[in-house]
Amino acid sequence: MKRVLGVVVASLLGLLFLSVETHADQKNRWKIGHVRPKGSAIDKDTNKLAETITKDTKGKITFDIIPESRLGDYSIVSDMVSVGDVQMFIGPFAATVDKRTALPFTPYLVTNWAEARKAFAPGSPMLKTMGELLEQQNIKILGGWPVYFGGMVLRKEPLSPGNPDFAKGIILRVPPIRSFELTARALGYTPYPITWAYAKTGLKTGMVEGLLGGGAEGYAGLKELAKYYIPLKDHFEYWFVYMNLNLWVGLSSEERTAVQSAVSDMERRRWEVAEAEEQASVKRLSDQGTKIITLSEAEFARTMQKVREQVWPFLKQDIGDAFDEVVASVEN
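The numbering of the sequence shown is the numbering used here, which starts it at 1328 and goes up by one.
Have a look at this one:
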């Protein structure tokens, strides 16, 4: 009897140790997601990021990389990171929890790559404000991945695309973020807010006749649906690299250094190639048969002025004093 009891106790202890070990493995194996297909530029950089962190932590942190929004639309993944169901993500923030986090989508905040570098530099008012806002959601911002300047893709050619005062009679899909809805209206379009997950279906079925809120890099996947592309430069797309704050706090100082250094290095390398890749994406659209409609300098200036006049006051009201601080940091 004693022998049987000893075997049972030993077995139970073995299961306990196995359970603890498995739990530890799960704790140190992180899910990291992004919004583009496998093999894309962001997927390659995410894989390199994961490899670097695993190497620099001597295998203490490993990753499951989940591409192409398979975790869900970016608008809900931030909630998953907040509660710890997902450890890390690379993508934009929706403004569903806090409308102030729409700050990076401010239309015509920056109009060239030099201004973008300044606005989204580490320690800038933009990054400082976003960091403070997201900490309230239990999210730690580590850096970012600059993508492109935004534009509009359409199934039919618009009349007077360079005249923002002309009513286009075209329904545009926009992200469910106030700044995009207001921008579309200011440009003479009718906005229809839906997430990116349903954007292609909306364009294919005719529910919408065009898309605003993306750029040439993302629109290239639409192929025959993308008949016309207007590089409006309405917003700058910057995907944040972020993780669960509690998880960050629980890391050792060496692990934090490894994670932060890997993210910072990835961002530095991305700034070096992002502008050229944006130009390559526009060319890819053109090669696929999409007609590129470029605004003249006068049309661009008129468009930018109207959007700033009509949209910025609402964003300032939503965001508060930080809005003026961020705008001033770009202009000075």
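Backbone N, C-alpha and C define an ideal beta-carbon position, used for all residues, glycine too.
Computed from a predicted model, the values in this text were never measured in an experiment.
Per-residue burial, residue i [other beta carbons within 10 Å of its own, 16 or more giving buried]
{"i": "residue 1584", "result": "exposed"}
{"i": "residue 1372", "result": "buried"}
{"i": "residue 1408", "result": "buried"}
{"i": "residue 1485", "result": "buried"}
{"i": "residue 1640", "result": "exposed"}
{"i": "residue 1648", "result": "exposed"}
{"i": "residue 1561", "result": "buried"}
{"i": "residue 1651", "result": "exposed"}
{"i": "residue 1351", "result": "In this prediction, residue 1351 has a pLDDT of 41, which is less than 50 and means its spatial position is unreliable; what the coordinates show is noted afterwards. Classification for residue 1351: exposed."}
{"i": "residue 1456", "result": "buried"}
{"i": "residue 1653", "result": "buried"}
Which of helix, strand or coil DSSP assigns to residue i
{"i": "residue 1334", "result": "Because the pLDDT at residue 1334 is just 41, under 50, the model does not fix this residue reliably, and the point stays unresolved."}
{"i": "residue 1417", "result": "strand"}
{"i": "residue 1571", "result": "strand"}
{"i": "residue 1650", "result": "helix"}
{"i": "residue 1352", "result": "Residue placement at residue 1352 is flagged as unreliable, the pLDDT there being 48, under the threshold of 50; a coordinate-derived value is accordingly withheld."}
{"i": "residue 1657", "result": "helix"}
{"i": "residue 1412", "result": "coil"}
{"i": "residue 1645", "result": "helix"}
{"i": "residue 1614", "result": "helix"}
{"i": "residue 1528", "result": "helix"}
{"i": "residue 1620", "result": "coil"}
{"i": "residue 1365", "result": "coil"}
Nonlocal neighbours in the same chain, by C-beta distance under 6 Å from residue i, ignoring five residues either side
{"i": "residue 1540", "result": "1501, 1502, 1507"}
{"i": "residue 1553", "result": "1480, 1546, 1617"}
Beta bridge counterpart(s) of residue i as assigned by DSSP
{"i": "residue 1566", "result": "1472"}
{"i": "residue 1537", "result": "1481, 1499"}
{"i": "residue 1660", "result": "Not covered by the structure: residue 1660. The range shown for the chain is 1328 to 1659."}
{"i": "residue 1433", "result": "In DSSP, residue 1433 forms no bridge with anything."}
{"i": "residue 1389", "result": "1356"}
{"i": "residue 1557", "result": "1479"}
{"i": "residue 1520", "result": "1501"}
Below-9 Å beta-carbon distance, residue i vs any chain C residue
{"i": "residue 1525", "result": "As a matter of chain content, chain C is missing from the structure shown, which is built from one protein chain."}
Residues of its chain near residue i, where Cβ-Cβ distance is below 8 Å and the 5 sequence neighbours each way are ignored
{"i": "residue 1414", "result": "1357, 1358, 1359, 1408, 1570, 1571, 1574"}
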